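Undergrad: Input: one structure, supplied below.
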Amino acid sequence: MEKTYMDDIDRTIFPYVEYPGYPFRYPTHLPLVIEKKQADLLRRVSAALYAIFAKAVRRFQSQSDEFFDEMEIPKKMRRYLHEGNAMKDLPSWLSRFDYVMDQSGRIQMVEINADTPCAEIEAYYANGVAARYFFKEDPNEGEWDRLRSWMKDIFLRCTGGKSREELLAHPVLFSCFDDYVEDLGTTRFLMQAMQDAIDPSMRDTIVFESFYHLAVMEDGSLALPDGRTVSFLYRMHPMEILIEETADQDASSLGELLMDGYKAGKFHMMNPPESLIMQSKGFQALIYALMEKSPSFFTEKEKEIIRTYLPESYFQRDFKLGDMPEDSLWIRKPIWGREGRGIEIINGRGEKIYRKKIDSDDYVVARDSDSNLVQRCVPQQKIITKTDVGIMEGYVTLSCFMLGDTPSALYARFSDERIAGNEAYWIPVLY
């Protein structure tokens with residue numbers, strides 16, 4: 036096998052280069068080379084969209100259950116979505132905006148991963164490995180230090196000046212289901228970022244434990260196998276799934292008990308529960324509904340950003356086929372879809388043009404959806420790259436991570452499918 040930059044990647048940091056269950060390696064052989072002005076635009080637009088989204092979240096939190104119903108926010112979750120949090124009440128502390136490029140190269144934001152974003156290893160570590168190999172500039176140069184600084188800020192704000200002894204008794208916990216290699220790698224990577232950034236004498240107050248081994252106590256505290264209760268939880272587990280977790284013995288709601296503990300101040304949580312509001316696919320329809328029904332809510336500048344970078348989006352009930360040109364194309368997405376699950380492309384008559392194929396829905400952890408977001412389909416630009424399979428033609432999804440409300444590292448996926456899913460490759464982004 037020919038030498039590539041993948042040979043230089045440390046598998047202890049990036050353990051899923053050879054992805055379990057796939058016959059080919061996860062990264063592409065060749066990078067995506069962009070111009071610096073495109074990277075600057077991605078970051079600038081992401082910062083503007085985050086501010087718009089955070090503003091809409093605050094409005095949403097003050098609304099009646101009708102809005103919660105539209106966005107299929109689980110009824111069990113609703114009473115936990117009105118609390119403040121330690122990080123300036125930011126609705127998501129670590130998120131990722133995903134963009135597609137239209138046929139003229141313009142970016143369109145199609146999704147925000149606000150709850151449990153992944154691909155930090157690719158963006159903050161492996162992109163630099165590729166840059167050094169290809170003798171190119173890394174658009175993420177310096178972003179690892181910014182991630183560490185942000186994780187330190189989270190640690191300091193959430194531990195509130197507690198002593199080492201107090202934190203050893205009630206540690207900072209990073210957790211996921213440890214039999215899923217990508218979640219495990221990502222969780223440990225973020226834990227390492229926090230540990231590296233804080234005083235060395237405090238690093239052993241930050242621990243990892245699998246969700247399989249945790250216990251929810253009667254008062255809502257979260258306990259480690261040794262009986263210690265935690266003061267902070269980083270969870271790589273979707274909030275809309277977590278709230279439905281039940282006890283094996285009596286089917287009682289562990290999710291609600293855990294959230295009661297959070298609401299009572301037993302521990303901090305990253306991301307906070309209100310990240311679920313932005314995670315719902317219906318949130319993008321809410322943005323357009325607010326712009327139409329409450330025209331004074333957004334400023335003219337905010338409306339310009341929305342119209343330019345967010346494709347026209349509707350709740351399913353508001354999408355009127357008779358009002359749409361017959362040859363127009365729309366993407367229909369389940370409100371809680373993940374990894375492309377259940378996504379279809381339809382025309383203005385409602386006829387199905389394309390449906391995303393997934394080998395098995397069993398491999399996609401997602402909540403079932405009752406409704407859909409309908410969003411204008413963006414005809415995408417194609418590129419050609421090389422993978423273990425050979426030369427491939429396909430589409431790129433460009434992403435920008437957000438550290439709170441600050442834009443950070445860039446990331447990209449490549450897929451020969453019109454809708455990227457869990458078959459997509461990671462493609463390094465370089466100048």
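Residue numbering for the sequence shown follows this note's numbering, starting at 36 and increasing by one per position. Ideal placement from N, C-alpha and C gives every residue a C-beta, glycine not left out. Computed from a predicted structure; not experimentally measured.
Kindly indicate which residue of 52, 76, 88 has the alpha-carbon position closest to the one of residue 317.
TA: Position 282 of the sequence shown, counting from 1, holds the residue named residue 317. Minimum Cα distance to residue 317 is reached at 88.
Undergrad: In the DSSP assignment, what residue or residues form a beta bridge with residue 411?
TA: Here residue 411 refers to the residue found at position 376 when the sequence shown is read from its first residue. Answer by DSSP bridge pairing, in chain order: 365.
Undergrad: Please look up how many angstroms separate the CB atoms of residue 270 and residue 210, rounded, as I've assumed it's under 8 Å.
TA: Taking the first residue of the sequence shown as position 1, residue 270 is located at position 235. Taking the first residue of the sequence shown as position 1, residue 210 is located at position 175. That belief holds up - the Cβ atoms of residue 270 and residue 210 are roughly 6 Å apart, short of 8 Å.
Undergrad: Could you check where the alpha helix (DSSP H) with residue 420 kicks off and where it finishes?
TA: Working through the sequence shown from its first residue, we reach residue 420 at position 385. Run containing residue 420: none in the alpha helix (DSSP H); it sits in the beta strand (DSSP E), 417-422.
Undergrad: Taking all protein chains shown into account, decide if residue 107 is buried (16 or more other Cβ within 10 angstroms of its Cβ) or exposed.
TA: Counting from 1 along the sequence shown, the entry for residue 107 is found at position 72. Burial call: buried.
Undergrad: Given a cut-off of 8 Å, decide if residue 220 and residue 51 are closer than it, judged by their beta-carbon atoms.
TA: Indexing the sequence shown from 1 puts residue 51 at position 16. Indexing the sequence shown from 1 puts residue 220 at position 185. Going by C-beta atoms, residue 51 is nearer than 8 Å to residue 220.
Undergrad: So residue 445 packs on residue 74, CB below 8 Å; how close in whole Å?
TA: Start at 1 with the first residue of the sequence shown, and residue 445 comes out as number 410. Start at 1 with the first residue of the sequence shown, and residue 74 comes out as number 39. Correct: roughly 6 Å between the Cβ atoms.
Undergrad: Any chance you could list the beta strand (DSSP E) runs of at least 3 consecutive residues sitting entirely within the segment 264-312, in chain order?
TA: For the segment 264-312, the continuous beta strand (DSSP E) assignments of 3+ residues that do not extend past its boundaries occur at 267-270, 303-305, in sequence order.
Undergrad: Exposed or buried, residue 36, counting other C-beta atoms within 10 Å across all chains shown (16 or more means buried)?
TA: Taking the sequence shown and counting its residues from 1, the one referred to as residue 36 is at position 1. Exposed, since its Cβ has fewer than 16 Cβ neighbours within 10 Å.
Undergrad: Looking at the structure shown, is residue 471 part of a helix, part of a strand, or coil, going by DSSP?
TA: An answer regarding residue 471 cannot be provided, because it is not within the stretch 36 to 466 covered by the chain.
Undergrad: Mind checking residue 309: buried by the 16 CB within 10 Å criterion, or exposed?
TA: Locating residue 309 in the sequence shown gives position 274, counting from the first residue. The residue in question, residue 309, is buried, as its Cβ has 16 or more Cβ neighbours within 10 Å.
Undergrad: From what residue to what residue does the alpha helix (DSSP H) around residue 194 run?
TA: The residue labelled residue 194 in the question sits at position 159 within the sequence shown. Residue 194 -> alpha helix (DSSP H) spans 178-194.
Undergrad: For a cutoff of 8 Å on Cβ pairs, would you count residue 119 as touching chain D?
TA: No chain D appears in the structure shown, which is made up of a single protein chain.
Undergrad: Taking the beta carbon of residue 448 as the centre, do at least 16 other beta carbons fall within 10 Å, making it buried, or is it exposed?
TA: On the sequence shown, position 413 is the one that residue 448 refers to. Buried, because 16 or more other Cβ atoms sit within 10 Å of the Cβ of residue 448.
Undergrad: Measuring straight from C-alpha to C-alpha, what distance separates residue 353 and residue 303?
TA: The residue given as residue 353 occupies position 318 in the sequence shown. The residue given as residue 303 occupies position 268 in the sequence shown. Rounded to whole angstroms, residue 353 to residue 303 spans 37 Å at the Cα level.
Undergrad: Taking the CB atoms as reference points, tell me whether residue 413 and residue 365 lie closer together than 8 Å.
TA: Position 378 of the sequence shown, counted from the first residue, corresponds to residue 413. Position 330 of the sequence shown, counted from the first residue, corresponds to residue 365. No. Outside cutoff.
Undergrad: Taking contact to mean at least 3 C-beta pairs separated by less than 8 Å, is the segment 160-177 in contact with the segment 123-130?
TA: no
Undergrad: By Cβ distance, which residues of its chain are closer than 7 Å to residue 118, with the 5 residues on each side in sequence left out?
TA: Working through the sequence shown from its first residue, we reach residue 118 at position 83. Answer for residue 118: 298, listed in chain order.
Undergrad: At what residues does the beta strand (DSSP E) containing residue 444 begin and finish?
TA: Taking the first residue of the sequence shown as 1, we reach residue 444 at position 409. First-last of the beta strand (DSSP E) with residue 444: 441-450.
Undergrad: Going straight from the alpha carbon of residue 331 to that of residue 145, what length do you get?
TA: To locate residue 331, count along the sequence shown from 1; it is residue 296. To locate residue 145, count along the sequence shown from 1; it is residue 110. Residue 331 and residue 145: Cα-Cα distance of roughly 24 Å.
Undergrad: Tell me which same chain residues have a C-beta within less than 7 Å of the C-beta of residue 351, skipping the five on either side of it?
TA: For the purposes of this step, residue 351 is taken as the residue at position 316 of the sequence shown. Excluding positions up to five away in sequence, the list reads 406, 407, 409.
Undergrad: Using the DSSP secondary-structure output, state which residues sit across from residue 68 in a beta bridge.
TA: If you number the sequence shown from 1, residue 68 lands on position 33. Bridge partners of residue 68: 465.
Undergrad: Counting only the same chain and skipping the five closest in sequence on each side, list residues whose C-beta sits under 6 Å from that of residue 151.
TA: On the sequence shown, position 116 is the one that residue 151 refers to. Closer than 6 Å at the Cβ level, and outside the excluded window around residue 151, lie 271, 273.
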